[in-house]
Amino acid sequence: MPIFTPIPQDDFVAAIHTLAAQLRADADWTPDFIIGIGRGGLVPAVFLSHAIGLPTLSVDYSSQVEDFADQPLVKLAARTQSGERLLFLDDINDSGRTITHLRTALAAAGATPGAIRFATLIDNLSSAERIDYTARTIDRRDTKDWFVFPWEAVAPATTIEHDAAEVPDRIA
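The opening position of the sequence shown corresponds to residue 34 in the numbering used here, with each subsequent residue numbered one higher.
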């Protein structure tokens, strides 16, 4: 049975402020849009959007519905060709699978190198991918907890358990 670790709302808001401070401190790179990665990055993207005053767009990667996953990436890649910078935000960089997919699809669609960055609330140091901004780091070799973010906490316990069981190597 996995260890379910709730992320309190106050900790979530503090993480958003940490990311906002990192973005403000980065004098060399400022995004034009915050891109929420569905599903876990949608709520954080809205909060970060309000914290730094930038508009939010979204990509629904988790649904695997092409019209809302890969096709928007083509449009977003085109925006970088006109000089826009995009910050993709997710709740956690766990295995790196989502970020790998997004980077590969964006590159294949012709995204301008350097115009895209990634941020997460939690970054797994043993992930296959590195990100640019994070509020907290863990190492899945040591930390096996399944983090329950505030927007997930309203789900039935069986749903949270099912989500955690989908990738057992993260929490085993």
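Cβ atoms here follow ideal geometry from the backbone N, Cα and C, with glycine treated the same way. Nothing here was measured: the structure is a model prediction, and the numbers come from that model.
Test item: CB-CB of L120 and R72 under 8 Å: Locating residue 120 in the sequence shown gives position 87, where the first residue counts as 1. Locating residue 72 in the sequence shown gives position 39, where the first residue counts as 1. Cβ distance not < 8 Å, so L120 and R72 don't count as in contact.
Any idea what DSSP makes of R130, helix, strand or coil? Here residue 130 is taken as the residue at index 97 of the sequence shown, counted from 1. In this structure, R130 counts as helix in the three-state DSSP scheme.
By Cβ distance, which residues of its chain are closer than 6 Å to I49, with the 5 residues on each side in sequence left out? To locate residue 49, count along the sequence shown from 1; it is residue 16. Excluding residues within five positions, the ones whose Cβ falls inside 6 Å are F80, L81, A84.
Within its chain, find whatever has a CB closer than 7 Å to the CB of T113; leave out the 5 residues flanking it on each side and keep chain order. Start at 1 with the first residue of the sequence shown, and residue 113 comes out as number 80. Excluding positions up to five away in sequence, the list reads L119, A144, T145, A148, I149.
Buried/exposed call for D43, threshold 16 Cβ in 10 Å: For the purposes of this step, residue 43 is taken as residue 10 along the sequence shown, with counting starting at 1. Exposed is the call here.
Is A152 helix, strand or coil by DSSP? Translated into positions along the sequence shown, residue 152 becomes position 119. Looking at A152 - three-state DSSP - the assignment turns out to be strand.
Have a look at the DSSP bridge pairing and note the partners of F121. Position 88 of the sequence shown, counting from 1, holds the residue named residue 121. Per DSSP, I68, F151.
Just how far apart, CA to CA, sit I125 and A60? Indexing the sequence shown from 1 puts residue 125 at position 92. Indexing the sequence shown from 1 puts residue 60 at position 27. Their backbone Cα atoms lie some 25 Å apart in a straight line.
Helix, strand or coil for S91 per DSSP? To locate residue 91, count along the sequence shown from 1; it is residue 58. Here S91 sits in strand by DSSP.
Buried/exposed call for D172, threshold 16 Cβ in 10 Å: Looking up residue 172 in the sequence shown gives position 139. So D172 ends up on the exposed side.
Once the 5 residues before and after A186 are set aside, which same chain residues still bring their CB inside 7 Å of it? As a first step, residue 186 must be located in the sequence shown, where it is residue number 153. Around A186: P39.
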